[in-house]
Amino acid sequence: MEKYVFFCVSFLLIISSCTSESSEPRKKPDINVIIIDNKISEIIAGGQHQFEATFSPLDAEAPENYIWLSSNSSIATINPAGLFTAIDEGVVTITLTSVVPQKKGPIELSDEMTITVLPIEIEQILLNRESLEMVNGSTATLNVSFLPADAKPKDIEWSSSNNLIATVTNGIITAHSTGDVIITARVIGSNIETSCQITVNPIVLSSIRFDTENPLKWDTLEVGQTRTTQLIFVPDNAENKSVSYASLQPSIATYTVNANGGITITGESKGLATIRATSQIGSLIADYRVEVVTVPDLVIVTVEKESFSVSTGFSGVINATLTNYSSQPVFIQRFRVLDQRNDIHKSVLIGETLEPSQSYVVESVQFANAIIPRAEYTIVYEGKDYQCVLFIE
-18 MEKYVFFCVS FLLIISSCTS ESSEPRKKPD INVIIIDNKI SEIIAGGQHQ FEATFSPLDA
42 EAPENYIWLS SNSSIATINP AGLFTAIDEG VVTITLTSVV PQKKGPIELS DEMTITVLPI
102 EIEQILLNRE SLEMVNGSTA TLNVSFLPAD AKPKDIEWSS SNNLIATVTN GIITAHSTGD
162 VIITARVIGS NIETSCQITV NPIVLSSIRF DTENPLKWDT LEVGQTRTTQ LIFVPDNAEN
222 KSVSYASLQP SIATYTVNAN GGITITGESK GLATIRATSQ IGSLIADYRV EVVTVPDLVI
282 VTVEKESFSV STGFSGVINA TLTNYSSQPV FIQRFRVLDQ RNDIHKSVLI GETLEPSQSY
342 VVESVQFANA IIPRAEYTIV YEGKDYQCVL FIE
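The structure is reproduced here in structure tokens:
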């Protein structure tokens, strides 16, 4: 009986002891390591990666927060949730830190990793032109674009299939001669390339004209006199400047072609003539228009009026000047001023030879109610008399 009582008491004590120990809370261990989960070493610019934070031992109490840092935000960024974004080529260090509690007090734990951000690789290059027409001697520029659009540009090597036709430097094409050529752009260090078909055309004339002072007016040429003129080509560097000439009135004016390509025109007889030049390419036309005159035709009278009135007929005073515009000396025999009634207002017996460009002035010719006055002057040239008339208005 005593043994039974002892056994029961002992059993109750054991049960009581076990119940007391299991009712006390179990303490969690301290965190001694924090870790960046799913690390990477490389990523392409523009890409993203989600990192996770973990700790050891796993049964420790989780930290209250984590801090993510990037060593160079121009290369890559990371947000508070661990989302990593690659921005530009380079190397960046990502650091994870957290302040965790321990029995001896809180401490800071960290982990880090180094990531290389790789550039976006070029897959294709394009030129701004697939084909291009140029003229000899001109320049043009080709521009390169890269695909994908955010790929990092690289140096380009340029080449021409025929440097005699066109050369290329840094995308600038210079045309040297007529023909077809292919310009190629290639990414250095790769086989990525593209090309442009270039056609170099000859420089073609756009217009031709004679080097007269005013091509719309008639030039003046004496019978037997010559005049040399030259064509002006536009543009001057046109490749084909071949022209043919013709006199449309060969009895009045003829021409000869000079060694330098110009022409010498000769006045043959009095009248109007046109010397025509026609280009071989484009059939462009230039006309040299000339009035062929005799020497007496070039002795000209000009009138200067003083206190002049025409209310009741011509009244006042004039001064008359005779000028020899010809290339030969001429003899001026007489000068007089008459009106419609043949009343003589002035008569001068000159009897002088006027050399080329020389003048003779008849001063103070009086008028009083004259009707249609005129100047008459007699010229002697090569033994012939020429009667010339100028109506005064």
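First residue of the sequence shown: -18, per this note's numbering; consecutive thereafter.
All C-beta atoms in this analysis are idealised placements derived from N, C-alpha and C, irrespective of residue type, glycine included.
None of the values given here were measured: they were computed from a predicted structure.
Check                                                                                                                                                                  : Outcome
What do you reckon, is the C-beta of Gly27 under 6 Å from a heavy atom of the ligand PLP?                                                                              : Among the components modelled here there is no ligand, and therefore nothing to report on the ligand PLP.
Just tell me which of Ile189, Ile164, Gly86 has its CA closest to the CA of Gln211.                                                                                    : Ile189
Keeping to the same chain, check which residues put their C-beta closer than 6 Å to that of Ser52; ignore five residues upstream and five downstream.                  : Val73, Thr74
Determine whether the beta carbon atoms of Val149 and Ile137 lie at a separation below 7 Å.                                                                            : no
Put Asp192 into one of helix, strand or coil per three-state DSSP.                                                                                                     : coil
Phe(-8) by DSSP, collapsed to three states: which one?                                                                                                                 : In this predicted model, Phe(-8) has a pLDDT of only 48, less than 50, meaning its place in the structure is not dependable; the value taken from the coordinates is given anyway. In the structure shown, Phe(-8) sits in a helix (DSSP, three-state: H, G or I).
Which of the three DSSP states, helix, strand or coil, is assigned to Leu197?                                                                                          : coil
What whole-angstrom Cβ distance do Ile56 and Ile68 have, given they're in contact under 8 Å?                                                                           : 6 Å
According to DSSP, which residues form a beta bridge with Leu279?                                                                                                      : Paired residue(s): none; Leu279 is not in a bridge.
With a threshold of 8 Å on Cβ separation, who are the neighbours of Asp366 within its own chain once the five nearest residues in sequence on each side are excluded?  : Gln314, Thr359, Ile360
Taking a contact to mean a Cβ-Cβ separation below 7 Å, would you say Thr304 touches Val204 in this structure?                                                          : no
Just to confirm before moving on: does the CB-CB distance between Val282 and Ala219 stay below 7 Å?                                                                    : no
At which residues does the beta strand (DSSP E) containing Asp18 begin and terminate?                                                                                  : 14 to 18
Determine the extent of the beta strand (DSSP E) in which Lys135 is found, giving its start and end residues.                                                          : From DSSP, Lys135 is part of no beta strand (DSSP E); its letter is neither H nor E.
Please report the Cβ distance between Val80 and Pro87, rounded to the nearest whole angstrom; I am assuming they are in contact, meaning their Cβ atoms lie under 8 Å. : 5 Å
Since I believe Glu33 is in contact with Asn19 (beta carbons under 8 Å), could you give me their beta-carbon distance rounded to a whole number of angstroms?          : 6 Å
Report the residue from Phe348, Ser292, Asp278 whose alpha carbon sits nearest the alpha carbon of Pro337.                                                             : Asp278
Who are the near neighbours of Ser3 in its chain, counting only those whose CB is closer than 6 Å to its CB and skipping five residues on each side?                   : A caution first: Ser3 carries a pLDDT of 48, below 50, which makes its placement in the model unreliable, though a value can still be read off. No residues qualify anywhere along the chain.
Going straight from the alpha carbon of Ser290 to that of Ala254, what length do you get?                                                                              : 40 Å
Just to confirm the assignment, what range does the beta strand (DSSP E) spanning Ile153 have?                                                                         : 153 to 156
For Gly297, which residues from the same chain have a beta carbon less than 7 Å from its beta carbon, with the 5 sequence-adjacent residues on both sides left out?    : Lys286, Glu287, Ser288, Phe289, Ser290, Phe348
What is the C-beta distance between Ala41 and Lys9, in whole angstroms, given that I count them as a contact (C-beta under 8 Å)?                                       : 6 Å
For the beta strand (DSSP E) containing Glu23, name the first residue and the last one.                                                                                : 23 to 25
By the DSSP assignment, the beta strand (DSSP E) with Gly205 in it spans what residues?                                                                                : From DSSP, Gly205 is part of no beta strand (DSSP E); its letter is neither H nor E.
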